[in-house]
Amino acid sequence: MAEPKENVLMEKITSLCKRRGFIFQSSEIYGGIQGFWDYGPLGAELKRNVKELWWSTMTRMRDDVVGLEATIIMHPAIWRASGHVDTFSDPMCDCLLTKKRFRADQVEPQTGTVIWFSGADAGDSPAADGIPTVGDVVAEAAKQGHFDDSGGAPERLLKSKEPMLSGSDQPFAVLLPKGKPDETAIKLAKQFYSSRGVSNPNPRFEKKEFVENSQRFNPENGSLLTPPVPFNLMFKTYVGPTATEADVAYLRPETAQAIFAQFKNVHETSRQKVPFGVAQMGKAFRNEVTPRNYTFRSREFEQMELEFFIKPDEAVEAVTGAVATPASKGHPGEPQPNWGWQLWHQYWVEERIKFYEGIGLPRTTLEEYWQKPEELAHYARACVDILFKFPFGTQELEGIAARSDFDLSQHERCSGKAMGIFDEELRTAFGKLPPEKQTALKDRYYAARLKYLTKMGVPAAEAGAAAQEDADGLAKGQYIPHVIEPSAGVDRLILALLANAFTEVTETDAKGKSETRVVMKFHPRVAPIKVAVLPLLKNKPELANKAREIFQSLRGHMMAFHDEAGSIGRRYARQDEAGTPFCVTVDFETFEGVKDGPQAGVKDTVTIRHRDDGKQERIAASELLPWLLARVK
RNA sequence: GCGGGUGUAGCUCAAUGGUAGAGCGCCAGUCUUCCAAACUGGUUACGAGGGUUCGAUUCCCUUCACCCGCUCCA
């Protein structure tokens with residue numbers, strides 16, 4: 059539970075984000091739309107920096123990862139193969155009386171006598187004159203004790219001034235466990251029809267029946283539940299001008315599946331060999347039940363995902379003799395040929411933490427959560443969440459999952475296209491193994507494949523034959539790659555960076571007046587504006603011109619900002635709120651030469667003011683660009 | 001989806017059944033030799049819709065959004 063103090067902090071952050079143009083509510087002029095947020099000028103720069111750093115770290119700076127940019131709408135069969143259409147869709151139903159929501163398949167089965175009502179007619183009006191209101195009738199029903207079991211009449215109904223209806227034809231039913239009198243059902247029915255606007259209702263009895271293990275009734279009060287409605291988290295749309303069932307497609311709920319779907323193409327065109335990875339950034343969409351915590355859980359969000367394909371451990375063992383076991387916690391160093399999935403997984407966890415440290419989120423602000431075996435998806439072998447200590451609680455930034463060969467196997471089965479690869483090295487190595495070793499590896503691979511196929515409901519005989527085929531394939535150098543998936547949310551990371559950078563500084567001036575101002579302490583690599591160029595005074599043309607000239611020379615290399623409005627102190631403060639790490643000021647000494655110190659007499663220098671401590675240093679204007687580039691790249 | 005709270009200027013907050021106000025910010029100008037200086041002028045708001053009323057930002061209803069709790073969450 060969030061502490062009040064933490065809420066205050068979040069409110070300060072959201073307020074600053076709006077005031078300075080980091081984040082706006084989507085469609086604000088029309089009242090906003092739940093779960094959608096826009097990035098303003100500063101937010102757009104911040105996000106762009108983060109994405110570019112991820113892209114360059116994950117692809118350009120590595121030999122073994124290439125990029126992909128796939129469409130948001132893909133063939134709907136992809137989402138059936140991945141399991142999203144099924145797992146994102148839960149049947150839900152509500153209690154007709156209390157409105158409580160249930161997973162239809164998880165309602166505790168009930169046994170007893172069900173009394174059905176076909177509707178209710180209005181009885182005598184409790185009000186002396188005019189048409190009674192819902193509030194009047196509900197108050198009367200409460201007085202008679204109809205609401206006692208459910209903790210009193212709802213406030214909303216009591217306050218209602220809506221006129222009561224004269225009757226209702228809506229069916230209602232109550233399940234009575236053995237021993238409960240019929241009066242209980244009538245009482246609940248009266249309560250139900252009262253809440254539907256029927257004045258002093260007389261429920262119409264329809265029939266009585268005995269049911270066993272029914273999931274249609276609320277276990278807490280016996281009330282009938284609404285029919286189950288599918289609760290689908292997938293955003294649906296239609297491809298083409300007709301909107302029929304045949305045209306249904308989905309906006310992707312994650313970027314990863316496109317990487318699996320395009321695996322063969324990427325593998326064949328990129329001249330990469332397993333182990334290698336495919337990275338992708340982009341928008342994803344989920345109809346979240348409850349978008350909450352500012353941009354943390356949005357319905358439209360952006361992901362940065364890597365699918366890093368590795369050999370199955372059996373193949374690693376065949377080639378190198380033995381799979382290396384993790385020696386200790388921490389970064390295992392440069393990748394080695396004898397790494398199995400465990401070491402690759404550990405490697406990526408550490409690589410990703412290193413990335414966060416490199417953009418200004420110290421390890422102390424992060425937490426690692428290793429999912430317990432019972433929490434893992436059935437196909438996952440391990441999953442680590444990297445959490446950040448947000449003001450509203452410690453929440454997930456990124457998940458790094460070892461997903462076995464599940465995804466490629468699914469697409470192979472569902473598309474009918476082979477997803478395996480041929481590994482020359484493996485074939486050669488396998489042939490040289492002693493026969494008992496060959497058999498042992500084939501048996502293990504067979505067992506793993508059989509487990510997968512059986513789990514997915516492939517008939518036993520068929521599964522056995524297919525697994526045998528896969529095991530024989532391994533001996534010939536063929537396998538379906540396994541995968542390690544580091545999957546990060548961009549918007550969550552942006553929020554983490556904002557929360558981490560947010561710093562309040564209270565200063566008391568000479569007159570004793572204290573003032574609190576905000577400094578956004580972004581790492582220079584992610585800061586939206588890298589440098590502000592300021593003339594000390596506005597009304598001195600030589601200062602203004604020189605500042606403009608320096609600004610022009612920098613802006614092609616980085617996000618630079620030029621400001622000459624207001625006092626110099628005010629302009630520094632403005633940049634502090636934007637999180638600009640460096641302010642360059644052109645002053646009189648730029649022209650007249652440095653007055654004193656070791657640089658005395660040197661002309662054409664500027665001061666650099668540091669955001670976090672306000673300290674200044676003076677450097678030659680010609681040195682400015684390399685000085686800045688060394689710090690912001 | 002349920003329950004509670006909130007909604008007034010860019011931000012923070014007032015007041016009111018009868019022409020909506022402040023501080024800060026922002027813009028322009030004067031001035032200003034390093035940390036939100038001063039002065040002058042300007043800028044902008046009752047979340048939306050409906051009802052009651054001569055008149056509603058204020059009372060009522062509906063709706064939307066945000067916050068908290070529940071629920072949900074590969």
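The opening position of the first sequence corresponds to residue 59 in the working numbering, with each subsequent residue numbered one higher.
The beta carbon of each residue, even a glycine, is placed where N, CA and C say it ideally should be.
These figures come from a predicted structure and were not determined experimentally.
Bridge partners of S272 according to DSSP: Q168.
The three-state reading of DSSP puts M119 in coil, since its state is none of H, G, I, E or B. Annotation: the continuous beta strand (DSSP E) that includes E675 extends over Q674 to A678. Here the alpha carbons of I444 and A533 stand approximately 38 Å from one another. According to the DSSP assignment, T663 belongs to the beta strand (DSSP E) that extends over T663 to H668. Closest option to G624, judged by alpha-carbon separation, among S257, P149, L592 and L233: L592. Remark: fewer than three beta-carbon pairs, one from each stretch, lie closer than 8 Å, so the region 495–511 and the region 155–172 are not flagged as touching. For T145, the enclosing alpha helix (DSSP H) has its first and last residue at H142 to T145.
Closest option to P370, judged by alpha-carbon separation, among N396, M362, E360 and V347: N396. In the three-state reduction of the DSSP assignment, G547 falls in the strand class, which pools E and B. The region 391–409 makes contact with the region 363–382, as at least three CB pairs between them are under 8 Å. Between F263 and F175, the gap from beta carbon to beta carbon is short of 9 Å. Fully contained in the region 308–338 are the following alpha helix (DSSP H) runs of length 4 or more, in chain order: 314–319 and 321–328. At the C-beta level, E363 and K341 stay beyond 9 Å of one another. In its chain, beyond the 5 residues on either side, I81, F82, Q83, S84, Y352, T353, S356 and D549 have a beta carbon closer than 8 Å to the beta carbon of W95. In chain order, G535 place their CB closer than 6 Å to the CB of D481, counting only its own chain and leaving out the 5 sequence neighbours on each side.
Its Cα nearest to that of A523, the residue L508 stands out among L551, L508 and G89. Rounded to whole angstroms, V256 and I552 show a C-alpha spacing of 52 Å. According to DSSP, residue pairing for K265 in a beta bridge involves W174.
Counting only runs that start and end inside the region 563–599, the beta strand (DSSP E) elements of at least 3 residues fall at 572–578 and 589–593. Here the region 610–619 does not lie against the region 657–666, with fewer than 3 beta-carbon pairs under 8 Å apart. With contacts defined by Cβ atoms closer than 9 Å, N558 and L683 do not form a contacting pair. When rounded, the separation of the alpha-carbon atoms in I368 and R583 is 31 Å.
Per the coordinates, the alpha-carbon of G515 lies some 25 Å from the alpha-carbon of K430. Look at K513 here: in three-state DSSP terms it is helix.
I542 is positioned such that its CB atom lies no closer than 9 Å to that of E470.
When Cβ pairs closer than 8 Å are counted between the two stretches, the region 275–285 is seen to touch the region 227–246, the count reaching three or more.
Annotation: G457 is outside any alpha helix (DSSP H); the continuous beta strand (DSSP E) that includes it extends over G451 to A460. Beta-bridge annotation (DSSP): L364 is paired with A337. In this structure the region 99–115 does not touch the region 319–334; the number of beta carbon pairs closer than 8 Å is below three.
For Q83, the enclosing beta strand (DSSP E) begins and ends at I81 to Q83. Counting along the chain, R355 sits inside no alpha helix (DSSP H), nor does DSSP assign it H or E at all.
One thing to note: E372 has its Cβ no nearer than 9 Å to the Cβ of A476.
Here F160 is buried. Its C-beta has 16 or more other C-beta atoms within 10 Å. A distance of 9 Å or more separates the beta carbons of V374 and F289. Straight through space, the alpha carbons of V143 and A128 are spaced by roughly 19 Å.
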